[in-house]
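One structure below.
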Amino acid sequence: MVAEDASVLAKVIEVDVYIFIMAIVGAVAYWSGIFTKEYAYGLNRFSTYIAVGGKLYIILTDTDFRTLNYTLVLMVVVFQVSLILSITLILRVTGKLNTDRFFSLVTCSCWRNHIAIGMPVIESVFGSEYLFVNVCFSLVARVMLMPLMWTVLEVRRAKGGEPGYNAGDIKIEYVNEEGSGVKEIERERDVVQEERDLEAAVPSERETVEGERDSRGGEGVEGVEVQVGEASLSRPEVSEAHSLSSALSTLSVSSTSSVCGITDPGSAKPSMSNGDIATLVIKRVLLHPMIVCTILGITASVTEFNTPDVLMDVFTSFGGCLTAVGVFVLGTAMATDLPGLIKVRSGLWAVLGHTALVLVVGQILFIGLAKLFKLDSVTAAAGTIMAGLPLARTGFSISKEFHVAEQTMAGVAILSLLLYVAMLPLQTLMVTAIFGLTPEDFA
Numbered sequence: 061m062v063a064e065d066a067s068v069l070a071k072v073i074e075v076d077v078y079i080f081i082m083a084i085v086g087a088v089a090y091w092s093g094i095f096t097k098e099y100a101y102g103l104n105r106f107s108t109y110i111a112v113g114g115k116l117y118i119i120l121t122d123t124d125f126r127t128l129n130y131t132l133v134l135m136v137v138v139f140q141v142s143l144i145l146s147i148t149l150i151l152r153v154t155g156k157l158n159t160d161r162f163f164s165l166v167t168c169s170c171w172r173n174h175i176a177i178g179m180p181v182i183e184s185v186f187g188s189e190y191l192f193v194n195v196c197f198s199l200v201a202r203v204m205l206m207p208l209m210w211t212v213l214e215v216r217r218a219k220g221g222e223p224g225y226n227a228g229d230i231k232i233e234y235v236n237e238e239g240s241g242v243k244e245i246e247r248e249r250d251v252v253q254e255e256r257d258l259e260a261a262v263p264s265e266r267e268t269v270e271g272e273r274d275s276r277g278g279e280g281v282e283g284v285e286v287q288v289g290e291a292s293l294s295r296p297e298v299s300e301a302h303s304l305s306s307a308l309s310t311l312s313v314s315s316t317s318s319v320c321g322i323t324d325p326g327s328a329k330p331s332m333s334n335g336d337i338a339t340l341v342i343k344r345v346l347l348h349p350m351i352v353c354t355i356l357g358i359t360a361s362v363t364e365f366n367t368p369d370v371l372m373d374v375f376t377s378f379g380g381c382l383t384a385v386g387v388f389v390l391g392t393a394m395a396t397d398l399p400g401l402i403k404v405r406s407g408l409w410a411v412l413g414h415t416a417l418v419l420v421v422g423q424i425l426f427i428g429l430a431k432l433f434k435l436d437s438v439t440a441a442a443g444t445i446m447a448g449l450p451l452a453r454t455g456f457s458i459s460k461e462f463h464v465a466e467q468t469m470a471g472v473a474i475l476s477l478l479l480y481v482a483m484l485p486l487q488t489l490m491v492t493a494i495f496g497l498t499p500e501d502f503a
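Residue numbers (my numbering): 61 to 503.
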């Protein structure tokens, strides 16, 4: 018995090492200068839009939906709906319901790395015959959760008036002797830091701006132009909160409006009609590659469509690199973002709280539901491991795309992966004890 238990743990540790090495390679690639943040972001987009789509299509076309365990599907739906409703209710009662919090908490509660990490883990521990557990979790996430989150975020972006800009996005326009240019600062925190740097570098210009503002009774300065070196920078009227930036740049802030009861501070009226917004959102959600591949994969399986071999080879090639690319990108993020998060205590606490939601809360709820739905022991154990997987890299990618809770999601993606690698052997022992597994139940 001891030898068999050791064999199971050896398989789990082998998966751990497999994941850890790929993440370390990504970190080393960044530290050595081979990969920059821009390259990593591009690779992340490839993984999100191409590799995941290919893997989903292969998985879904190989799934026999006539024999799928729909009890498990129903249970996963109840699992995710319970988490979403609980989070929404808590945020509403506390008056803290906005897009950033809703997205980060719901994503950390429900969106696991079911494919890139979940599949090698389940296959190594329980065997390929239990990959249907991955299919059930991934199917519910792609059919229910993903459209919900994209709808919320696309509505938020559309109501900001300028698709592609979000609350906190700031556009700085400047003019110099050689012409004009536009620089986009993605988050307001970067402008705050820039203000501090410029305050130390050009105190005389700051005094001039503040004097002009004071002469106008504390109002925003309109049409102020300041000479700094050889560059001429101008801006129209802005609020007092950005007094220094008012002399250095032209700021345009895209605000957001309430979305299904989710509000953001400083929200403004939408610049498009509700019909235009609905059309835009539906188009973007339904045409996203992951949604398209999910629909096509389910349709091909149900209709028993024979996908041409050349297309299957393409999907297989793209999908086959998903785990390596996804974990590699997380490794580069580990090298770039984690040191900064550790330095900011408030940000670190937010990351730790969300990580606990990812690794602990979901497993506790799933164990209770597994007992309630009377799942067989191996399926329940595999489902519990799936419920405790690290945050999906896709969730991190979407936060970057929509500029929502970026720092928190980056930190959770990194920390949850590192802790998961450390906890997987203990997690395997835990499900073995809770569900009474025997060595014969493992691969």
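In this text, a Cβ means the ideal position worked out from N, Cα and C, and glycines have one as well.
Determine the DSSP secondary structure at ARG126, reduced to helix, strand or coil.
Counting from 1 along the sequence shown, the entry for residue 126 is found at position 66. In the structure shown, ARG126 sits in coil (DSSP, three-state: anything other than H, G, I, E or B).
Look up LEU347 in the DSSP assignment and say whether it is helix, strand or coil.
By one-based count along the sequence shown, residue 347 stands at place 287. Note: LEU347 maps to coil in three-state DSSP.
At the 8 Å Cβ level, is PHE163 part of the contact set with chain B, yes or no?
In the displayed structure, chain B is absent; only one protein chain is listed.
Do you know how far the Cα of LEU149 is from the Cα of SER333?
Here residue 333 refers to the residue found at position 273 when the sequence shown is read from its first residue. Here residue 149 refers to the residue found at position 89 when the sequence shown is read from its first residue. Approximately 29 Å between the Cα atoms of the pair.
Per DSSP, which residues does ARG172 bridge with? Please list them.
Residue 172 sits at position 112 when you count from the first residue of the sequence shown. In the DSSP output, where bridge partners are listed per residue, ARG172 has LEU451.
Look at the alpha carbon of PHE186 and the alpha carbon of ILE84, and state the distance between them as a whole number of angstroms.
Start at 1 with the first residue of the sequence shown, and residue 186 comes out as number 126. Start at 1 with the first residue of the sequence shown, and residue 84 comes out as number 24. Rounded to the nearest angstrom, the two C-alpha atoms are 26 Å apart.
Can you list, in chain order, the stretches of the alpha helix (DSSP H) that have 4 or more residues and sit fully within the segment 380 to 466?
382 to 403, 405 to 416, 422 to 433, 437 to 447 and 453 to 462
For SER142, the three-state DSSP class (helix, strand or coil):
Translated into positions along the sequence shown, residue 142 becomes position 82. Correct three-state label for SER142: helix.
Taking the alpha-carbon of LEU382 as reference, which of THR367, THR392 and ALA176 has the nearest alpha-carbon?
To locate residue 382, count along the sequence shown from 1; it is residue 322. Taking only the C-alpha atoms, the option nearest LEU382 is ALA176.
For THR488, which residues in the same chain have their Cβ closer than 8 Å to its Cβ, ignoring the five residues on either side in sequence?
For this step, residue 488 is matched to residue 428 along the sequence shown. Correct list, in chain order: VAL68, LEU69, VAL72, VAL185 and ILE445.
Is there contact between the segment 334 to 350 and the segment 135 to 144, where contact requires at least three CB pairs shorter than 8 Å?
no
In the DSSP assignment, the alpha helix (DSSP H) including ASN104 goes from what residue to what residue?
Within the sequence shown, residue 104 is the residue found at index 44, counting from 1. Segment 97 to 106, the alpha helix (DSSP H) holding ASN104.
In whole angstroms, what separates the C-alpha of TRP210 from that of ARG161?
Translated into positions along the sequence shown, residue 210 becomes position 150. Translated into positions along the sequence shown, residue 161 becomes position 101. In this model, TRP210 and ARG161 are separated by some 15 Å (Cα to Cα).
Can you confirm whether the segment 106 to 114 touches the segment 410 to 428 when touching is taken to mean that 3 or more C-beta pairs between the two stretches lie within less than 8 Å?
Result no; under three Cβ-Cβ pairs closer than 8 Å.
Since GLY93 is in the alpha helix (DSSP H), which residue starts that stretch and which ends it?
By 1-based counting over the sequence shown, the position of residue 93 is 33. Neither: GLY93 is in no alpha helix (DSSP H) and is coded neither H nor E.
Here's a check: name, in chain order, each residue in its chain whose Cβ is nearer than 6 Å to the Cβ of ARG344, leaving out the five neighbours to either side.
Within the sequence shown, the letter at position 284 stands for residue 344. Correct list, in chain order: GLU214.
Could you compute how far the alpha carbon of PHE495 sits from the alpha carbon of ALA441?
Against the sequence shown, residue 495 aligns to sequence position 435. Against the sequence shown, residue 441 aligns to sequence position 381. Rounded to whole angstroms, PHE495 to ALA441 spans 7 Å at the Cα level.
Endpoints, the alpha helix (DSSP H) within which PHE365 is located:
One-based indexing of the sequence shown puts residue 365 at position 305. Where PHE365 is concerned, there is no enclosing alpha helix (DSSP H), given that its DSSP letter is neither H nor E.
Drop a sphere of 10 angstroms on the beta-carbon of GLU90, count the other beta-carbons inside from all chains shown, and report buried for 16 or more, exposed for fewer.
To locate residue 90, count along the sequence shown from 1; it is residue 30. Glu is not the amino acid found at residue 90; the sequence shown has Tyr there. A residue is called buried when at least 16 other Cβ atoms come within 10 angstroms of its Cβ; TYR90 meets this threshold and is buried.
Report all residues from its chain with a CB closer than 7 Å to the CB of PHE426; omit the five preceding and five following residues, and keep chain order.
Indexing the sequence shown from 1 puts residue 426 at position 366. PHE139, GLY443, THR444 and ALA447, listed in sequence order.
Spatial distance of ASP336 from ALA218 (CA atoms)
Within the sequence shown, the letter at position 276 stands for residue 336. Within the sequence shown, the letter at position 158 stands for residue 218. Approximately 9 Å between the Cα atoms of the pair.
Going by DSSP, what residue range makes up the alpha helix (DSSP H) through GLY178?
Counted from its first residue, the sequence shown places residue 178 at position 118. Its alpha helix (DSSP H) spans residues 178 to 186.
Count the other C-beta atoms from every protein chain shown that fall within 10 angstroms of the C-beta of TRP409, then say buried if there are 16 or more, exposed otherwise.
Along the sequence shown, read from residue 1 onward, the residue named residue 409 stands at position 349. So TRP409 counts as exposed.
Buried versus exposed, by CB contacts within 10 Å (16 or more), ASP501
Residue 501 sits at position 441 when you count from the first residue of the sequence shown. By the 10 Å Cβ count, ASP501 comes out buried.
If you draw a straight line from the C-alpha of PHE106 to the C-alpha of PHE365, how long is it?
The residue labelled residue 106 in the question sits at position 46 within the sequence shown. The residue labelled residue 365 in the question sits at position 305 within the sequence shown. Going from the Cα of PHE106 to the Cα of PHE365 covers about 27 Å.
Contact between the segment 92 to 99 and the segment 450 to 467 (3+ Cβ pairs under 8 Å):
no
Rounded distance between the beta-carbons of ARG202 and PHE363, thought under 8 Å:
The residue you call residue 363 lines up with position 303 of the sequence shown. The residue you call residue 202 lines up with position 142 of the sequence shown. Contrary to the premise, residue 363 reads as Thr rather than Phe in this sequence. Actually they are not in contact, since the Cβ atoms of THR363 and ARG202 sit about 19 Å apart, beyond 8 Å.
Taking TYR117 as the reference, which of ILE144, ALA338 and PRO368 has the closest Cα?
To locate residue 117, count along the sequence shown from 1; it is residue 57. Distance from the Cα of TYR117 is smallest, within the candidate group ILE144, ALA338 and PRO368, for PRO368.
Assign PHE388 to one of two classes, buried (16 or more other C-beta atoms within 10 Å of its C-beta) or exposed (fewer than that).
Within the sequence shown, the letter at position 328 stands for residue 388. Result: buried.
If you measure between the beta carbons of GLY178 and ASN194, is that distance less than 8 Å?
Counted from its first residue, the sequence shown places residue 178 at position 118. Counted from its first residue, the sequence shown places residue 194 at position 134. Judged by beta-carbon spacing, ASN194 lies within the 8 Å limit of GLY178, meaning their Cβ atoms are closer than that value.
Considering Cα atoms alone, identify which of ALA384, SER457, SER377 and MET469 is closest to GLY413.
Here residue 413 refers to the residue found at position 353 when the sequence shown is read from its first residue. When each option's Cα is compared against that of GLY413, the closest is MET469.
Completely contained alpha helix (DSSP H) runs for the segment 462 to 503, where each covers 4 or more residues
466 to 495
Starting from the Cα of TRP171, find the closest Cα among PHE197, GLU189 and LYS156 and give me that residue.
Position 111 of the sequence shown holds residue 171. Measuring C-alpha to C-alpha distances from TRP171 to each of PHE197, GLU189 and LYS156 identifies PHE197 as the nearest.
Return the CA-CA distance between ILE144 and THR108, expressed in angstroms with no decimal places.
Within the sequence shown, numbered from 1, the residue matching residue 144 stands at position 84. Within the sequence shown, numbered from 1, the residue matching residue 108 stands at position 48. C-alpha separation (whole angstroms): 23 Å.
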